[in-house]
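All residue numbers for the sequence shown refer to the UniProt record's numbering, where the first residue is 1 and numbers rise by one.
Glycine is no exception: its CB is placed at the ideal position from the N, C-alpha and C atoms.
The structure presented is a predicted model; accordingly, all values stated were derived computationally and were not measured.
Let me begin by presenting the structure, written as structure tokens, before commenting on it.
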Amino acid sequence: MNDAVSLPPQNTTTSDAPASAGTPLVTPPITPFVASPHQIFLAPALLPTQVGPAGLRFDFNDGARVVIPDFGQPLPWRVRISDLRDGSTLTEISLSSGVVRSPAKYYVPYGITIWLNDVVVFEHRFDLRDQDVLIQIPLAALGDVLGWIPYALRFKDVHGCRLACVVTPAVAALFRDAHPDVEFVAQEKVERRKYYATYNIGLFFDDKEFTQQPRDFRETGLHRTAAHILGVDETEARAKTALPDVSRPMAEPYVCIAVQSTAQCKYWNHPGGWDAVVAGLRERGFQVVCVDQKPRYGKNDFWQSIPEGAIDATGDLPLTERARWLMHASAFIGLSSGLSWLAWTMDTPTVLISGFTLPHNEFATPYRVINPDVCTGCWDDPAIRYNHDDFHFCPRHKGTERAFECTTSITPEAVLLAVDRVPGMRRTPDASCS
1 MNDAVSLPPQ NTTTSDAPAS AGTPLVTPPI TPFVASPHQI FLAPALLPTQ
51 VGPAGLRFDF NDGARVVIPD FGQPLPWRVR ISDLRDGSTL TEISLSSGVV
101 RSPAKYYVPY GITIWLNDVV VFEHRFDLRD QDVLIQIPLA ALGDVLGWIP
151 YALRFKDVHG CRLACVVTPA VAALFRDAHP DVEFVAQEKV ERRKYYATYN
201 IGLFFDDKEF TQQPRDFRET GLHRTAAHIL GVDETEARAK TALPDVSRPM
251 AEPYVCIAVQ STAQCKYWNH PGGWDAVVAG LRERGFQVVC VDQKPRYGKN
301 DFWQSIPEGA IDATGDLPLT ERARWLMHAS AFIGLSSGLS WLAWTMDTPT
351 VLISGFTLPH NEFATPYRVI NPDVCTGCWD DPAIRYNHDD FHFCPRHKGT
401 ERAFECTTSI TPEAVLLAVD RVPGMRRTPD ASCS
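As structure tokens, this is what we get:
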């Protein structure tokens, strides 16, 4: 939304640089920002971080932002924000003082032109080369982060900027040594006043005006939405990792599984399905290792435990340790969840049991197991607002016999058929594990 907002009343300081002969410049100070305990993204610095002539300020930390200071008298300023790709005017506002913002907060190469008395006094063409840029990623969802980091790295390569990515320490440990020219920073360590531009990558469910994202993420796919927000090529690519220990954790051939997720719609809801698959894998001569965080998880009347016959590698292990298990696994079998994204990141053949998402939502895998003949894809339906607070979310069939039919209809035989398509995974005579 285009807007010009007056600066709120606050203490002011006077600059030594005159705006015009005999006119002192009055600018508000930068006030520290205190994050809300429920804040997903850090807000930008109160004032834009870049300083133009006569104390004009601008940056690209919340889209394009321009501050015209209060000079103590009404002056005829005019501000235009344009799109450098085609020269189109996105916002043009006349004002005596205040803030001018661009409509969009995602990547747009902006141009800024400022007039005083119809004379151009400042022009700036957006250029990220050698500039400090912050990309913020929500800290809670592992799969989102692993899907988005590759596009952040591509953004850096395209623009030649100095990139900082807000991630958890666990995620930073995966990537830091592989990308020494990128700062993987904890949210509480961010110095917001240093950045020329900031981009927030997220799943913006209610962004009907497309100010945070140029396209609905449910149509582009979970990972590719980052490419659209950052304006880079959407071709899939894994981010290179560097683990502190890359030794093989088990001499025998093994398959990793992850059976837990954050909501029932993401689980494989076929009764006894996991036990049957584990038995089938052991018949094929593979140990089966469960790498979930929790050995048992669920809510109310739904609980999932480690399948019978699987080795327990659950617990509060470093993410790098789970990555080590995955990098040496013959295959991984999982859900639409973070550990499937970690398996993909480690280039492990991934059998993805899915139903509530459509294939475009995750990375491409030839081993996806989905039943298109039943209700599927509610996550990717823009008409349905996902309810994160409802563990038993099933928007079309909750409370009926068809609840979660997207995965109750997927049989162990279908999963094992996908497993057998993975090179080296087909059944061999006398290979069963005792």
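- By the Cβ neighbour-count rule, Val158 is exposed, with fewer than 16 other Cβ atoms within 10 Å of its own.
- A straight-line Cα-Cα distance of about 40 Å links Arg80 and Asn387.
- Counting of Cβ neighbours within 10 angstroms places Glu362 among the buried residues, the total reaching 16 or more.
- For Thr168, same chain residues with a beta-carbon under 6 Å away, outside a window of 5 residues either side, are Leu139 in chain order.
- Every unbroken stretch of the beta strand (DSSP E) spanning 3 or more residues and falling wholly within the region 169 to 202 is given here in chain order: 183 to 185 and 197 to 200.
- Three or more beta-carbon pairs separated by less than 8 Å link the region 136 to 156 to the region 235 to 243, which places the two stretches in contact.
- Closest option to Asp132, judged by alpha-carbon separation, among Asp144, Gly143, Leu116 and Glu191: Glu191.
- Using a Cβ distance threshold of 8 Å, Thr357 and Asp380 count as a contacting pair.
- The distance from the Cβ of Arg193 to that of Cys161 is about 17 Å, inconsistent with a contact at the 8 Å cut-off.
- Minimum Cα-Cα distance from Val415 among the listed residues Ile135, Gln213, Thr350 and His360 corresponds to Thr350.
- Counted as a single uninterrupted DSSP element, the stretch harbouring Phe155 is not any beta strand (DSSP E) but the alpha helix (DSSP H) occupying residues Leu142 to His159.
- Linking Val145 to Arg215 through their CA atoms gives a straight-line distance of about 19 Å.
- In the DSSP assignment, Gly280 forms no beta bridge with any residue.
- Between the alpha carbons of Ile229 and Tyr199 lies a gap of roughly 8 Å.
- Note that the C-beta distance between Val99 and Val121 is not below 8 Å.
- For Cys256, the beta-bridge partners assigned by DSSP are Val289 and Phe332.
- Relative to Ile306, the option among Pro69, Ala279 and Arg85 whose CA is nearest is Ala279.
- With a cut-off of 8 Å on Cβ pairs, the region 163 to 180 is not in contact with the region 106 to 117, counting fewer than three such pairs.
- Pairing Phe391 with Gln264 gives a Cβ-Cβ distance under 8 Å.
- Looking at the backbone, the Cα of Met327 and that of Trp344 are separated by about 9 Å.
- DSSP places Val121 in the uninterrupted beta strand (DSSP E) bounded by Val119 to Arg125.
- Pairing Leu163 with Thr400, the inter-Cα distance amounts to about 49 Å.
- By alpha-carbon distance to Gly143, the top candidate from Val108, Arg224 and Leu417 is Arg224.
- Around Thr314, the same chain offers Cys290, Val291, Asp292, Gln293, Lys294, Pro295 and Ile306 as residues with beta carbons nearer than 8 Å, after the five sequence neighbours per side are excluded.
- Between Glu123 and Thr89, the alpha-carbon positions lie close to 14 Å from each other.
- By the Cβ neighbour-count rule, Asp233 is exposed, with fewer than 16 other Cβ atoms within 10 Å of its own.
- If you check the CB distance, Ile40 and Gly202 come in under 8 Å.
- DSSP places Gly63 in no beta strand (DSSP E); its state is neither H nor E.
- Separation of Cys256 and Ala364 (C-alpha to C-alpha, rounded to the nearest whole angstrom) is 19 Å.
- Under a 10 Å Cβ-count criterion, Trp303 is classified as exposed, with fewer than 16 other Cβ atoms of the shown protein chains found around its own Cβ.
- For Val369 against Ala418, the beta-carbon gap comes to about 5 Å, under 8 Å, which counts as contact.
- Restricting attention to alpha helix (DSSP H) runs no shorter than 4 residues, the region 310 to 375 encloses them at 319 to 327 and 338 to 345, ordered along the chain.
- Leu84 and Arg125 have their alpha carbons spaced roughly 8 Å apart.
- Apart from the 5 residues on each side of it in sequence, Asn371 sits with its Cβ closer than 6 Å to the Cβ of Ser409 and Ile410 in its chain, given in chain order.
- Contact between Asp62 and Lys105 holds: CB atoms are separated by about 6 Å, below the 8 Å threshold.
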